[in-house]
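Using mature numbering (1 follows the signal peptide of the UniProt record, and there is no 0), the letters of the sequence shown correspond one by one to residues -21 to -1, 1 to 576.
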Amino acid sequence: MKKMFLFFSLFIYSLSSPLSGQVVLGSDTSQHIKVTTSSNYLPQYWALSATGDKTINGVGLEGPLMESSRFLSQATLGADLETIKKVANQGIENWINEQIDVPPSQTLTTLKEVFSEIVEWYFLNGGDPEDVLTRPNWVTFNYTWWENHMHAKDLLRQRVALALSEIYVISLDSDLSGQGYGLADYYDVLLKHAFGNFEDMLYEITLHPCMGFYLSHLNNPREIPEENIHSDENYAREVMQLFTVGLFQLNQDGTRKTDGQGNWIPTYGQADIKELAKVFTGLGVGGVVENEYVTDPYFGLDIYVADMARPMIMYEEWHQPGTKKMLDGYVIPAGQTGLKDIKDAIHRLALHPNVGPFVGKQLIQRLVTSNPTPAYVARIAAVFADNGHHVRGDMSAVIKAILLDPEARTCQSLEDPNFGKLTEPFLRYTQFTKAIPMEQYYGRYWNVAYGFYEATGQNPLGSRTVFGFYLPDYQPLGPISENGLVGPEFQIHNSRTSIEYMNQANAWAVWGYIMDDWEKDNPHVTFDIDELKSLARDPEALVNRLDMLFTHGSLSQYTRDLIKEAITPFIENDYRQDRVRLAMYLLMVSPDYNIMK
């Protein structure tokens, strides 16, 4: 295990330098290479001759499929062979354009349907009316998230929304655990704005009661010094530190600016926090759910009877009056409504020059590579600043630019030891459930995923802190930090979680125990490995297919040989099934799969 752990953590440094002028047949680098022969050979009895002057286009090679598979590992939560072939035929940019136009899945709508079905199933199985769940909670949200994951057509949007949820954090590991409607509605905000405008997203997030509760600007009062009432500064701090500008002033390539003494320049200070905190006062719940005690919302009402799927509203008598000075020196004038103050503040934050490189780099890290070059960051920041039509913060343009950037698409990246990322455990899980066909008798993909959460600490909206599952600048000890690089996902990769992940992968691949729900007698989700079994007589053919699905043609010869050596001895009984299951497991725990290049 120690050897595996070391190999796992050092893997991204084991590749050699890129070969100069390397050409990969079937990739973009092979287009229009002319091949000329000495004669036009005409075999006996053949009607057509082989022309002596052709160009290589990759037809018949698996290069385009491998590149599509690699792209989909960046752009989706997982893809099956059909999707890989579709992208190869359609082209990456065309697929992105198509996906941007796909309407977002509706988490709240699906949650209501799932909850209704849960209650119906409960009574069908003899449930006691006294114990029936009265409204959705985090379990219902998890069921809903997985239901949408397995059925959704908006594959790219789903991937981006998950990335956004790990930056703009609320957590069900709080009193929000009982707020299924609110959790689902917040996720819908992220889905809605994944291809929308950054400023609009930030404004809607700010007014969401789940964010208001989590970062404590819900029921945040104005200053009343004589009563020792002071405004909460939490959201004012985090909206700058984590959501928009970060701690230090940045160049457009994401590098930190320095003063005359070479020190990093802070973006804001305590005085800025206090000024901004004045803006986020006076917000309270916008509605109540049906209950015995309260019919109308009011300032100070807690979340337990609140409608957490309705935006917060402004209670003007609790909003701090007067001017508020912003980071850039702009002064929000006195005499406005509280919501206008918030709108102005969000606008000024979204205009800050740090936002493009700060947010853009984190999205690159989530989707493509932990250590993008400054040039890559600068290109994305430029698109954030102007999408080509004088629009700032166009998220669809930003995501498209990230995925089409030469650093994301060229083959040279595969051999750059600085390129790539450790795939976070949750993505390894979702990718498995999409790459391998799944089925459930009723078509329900209800997954509480509690065992996985306990094993890895990951779940949608499940971070235990506002800082997310890991920090974007985390540096694990060893070669990564010694080379001045970061490895964010390594913050949750340790001896316990790595072993627990292997146990989880064993449960999925070997035992077929893939999803778990807490509903009595609900049939389990199973996988369909018949197609893989049809290949399993030939270990090479089986490994090739798994390579296409999971490692995008980058499976090392060492791992390939190890898997073939392990599965070849299975020759009796249902040996094809045994070969497939063991091969899937070994690939799922290999460095080749866990490190995304």
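Note that CB positions come from ideal geometry on N, CA and C, so glycine has one too.
- Item | Three-state secondary structure assigned by DSSP to residue 176 | strand
- Query: Around the Cβ of residue 167, are there at least 16 other Cβ atoms within 10 angstroms (buried) or fewer (exposed)?
  - Reply: buried
- Contact between the segment 165 to 184 and the segment 140 to 156 (3+ Cβ pairs under 8 Å): yes
- Message: Among the candidates 332, 539, 294, whose CA atom is the shortest distance from the CA of residue 320?
- Response: 294
- Between residue 520 and residue 528, is the Cβ-Cβ spacing less than 7 Å? no
- Message: Contact between the segment 280 to 293 and the segment 143 to 160 is defined here as three or more beta-carbon pairs at a separation below 8 Å; is this criterion met?
- Response: yes
- Under 7 Å between C-beta atoms of residue 575 and residue 379: no
- Query: To the nearest angstrom, how far is it from the Cα of residue 49 to the Cα of residue 343?
  - Reply: 15 Å
- Task: Note down the Cα distance separating residue 1 from residue 114, rounded to an integer number of angstroms.
- Result: Low per-residue confidence applies at residue 1: pLDDT is 43, beneath 50, and the placement is therefore not dependable, though the value from the model is reported in the following sentence. Between residue 1 and residue 114, the C-alpha separation is close to 59 Å.
- Exposed or buried, what is residue 26 when buried is set at 16 or more other beta-carbons lying within 10 Å of its beta-carbon? Bear in mind that the predicted position of residue 26 carries a pLDDT of just 49, short of 50, making it unreliable; the figure below should be weighed with that in mind. Under this definition residue 26 is an exposed residue.
- For residue 107, count neighbouring Cβ atoms within 10 angstroms of its own Cβ and tell me buried if that reaches 16, exposed if not. exposed
- Message: In whole angstroms, give me the CA-to-CA distance for residue 552 and residue 558.
- Response: 11 Å
- Given residue 334, which residues of its chain have a CB within under 6 Å of its CB, disregarding the five upstream and five downstream residues? 223
- Task: Would you tell me roughly how many angstroms separate the C-alpha atoms of residue -7 and residue 187, rounded to the nearest one?
- Result: Summary for residue -7: the model assigns pLDDT 31, below 50, so the residue's position carries little reliability; its value from the coordinates is reported in the next sentence. If I take the Cα positions, the gap works out to 45 Å.
- Start-to-end residues for the alpha helix (DSSP H) that takes in residue 235: From DSSP, residue 235 is part of no alpha helix (DSSP H); its letter is neither H nor E.
- Bridge-paired residues (DSSP) for residue 373: 176
- Item | The alpha helix (DSSP H) enclosing residue 344, as first and last residue numbers | 334 to 346
- Message: With a threshold of 8 Å, are at least 3 pairs of Cβ atoms found where one atom belongs to the segment 436 to 446 and the other to the segment 363 to 382?
- Response: no
- So what does DSSP say about residue 505, is it helix, strand or coil? strand
- Item | Option nearest residue 430 by Cα separation, candidates 403, 494, 490 | 494
- Return the bridge partner residues of residue 413 from the DSSP annotation. DSSP output for residue 413 lists no bridge partner at all.
- Could you check the C-alpha separation between residue 97 and residue 138 for me, to the nearest Å? 27 Å
- Could you spell out the range, first to last residue, of the alpha helix (DSSP H) harbouring residue 100? 86 to 103
- Item | Three-state secondary structure (DSSP) of residue 425 | coil
- Query: Buried or exposed: residue 426, going by 16 or more other Cβ atoms within 10 Å of its Cβ?
  - Reply: buried
- Task: For residue 193, collect the residues of the same chain with a Cβ closer than 6 Å to its Cβ; drop the 5 residues on either side in sequence, then sort them by chain order.
- Result: 149
- Task: Apply the 10 Å Cβ neighbour rule to residue 24 and answer buried if 16 or more other Cβ atoms are within range, or exposed otherwise.
- Result: Here the model assigns residue 24 a pLDDT of 46, short of 50, so the residue's position is not dependable, and the following value carries that caveat. Residue 24 comes out exposed.
- Message: Which of the three DSSP states is assigned to residue 42 in this structure?
- Response: helix
- residue 311 (DSSP reduced to helix, strand or coil): strand
- Message: Once DSSP output is grouped into helix, strand and coil, what is the label at residue 284?
- Response: helix
- Taking Cβ positions only, does residue 346 come closer than 7 Å to chain B? No chain B appears in the structure shown, which is made up of a single protein chain.
- Between which two residues does the alpha helix (DSSP H) carrying residue 385 extend? 385 to 388
- Starting from residue 474, trace the alpha helix (DSSP H) both ways and give me its first and last residue. 474 to 488
- Where does residue 196 land, buried or exposed, given buried means 16+ other C-beta within 10 angstroms? buried
- Task: Less than 8 Å between the CB atoms is what I'm expecting for residue 382 and residue 75, so what's the real figure, rounded?
- Result: 6 Å
- Considering only C-alpha positions, which residue in the set 234, 452, 250 is nearest to residue 586? The first residue shown for the chain is -21 and the last is 576, placing residue 586 beyond what the model contains.
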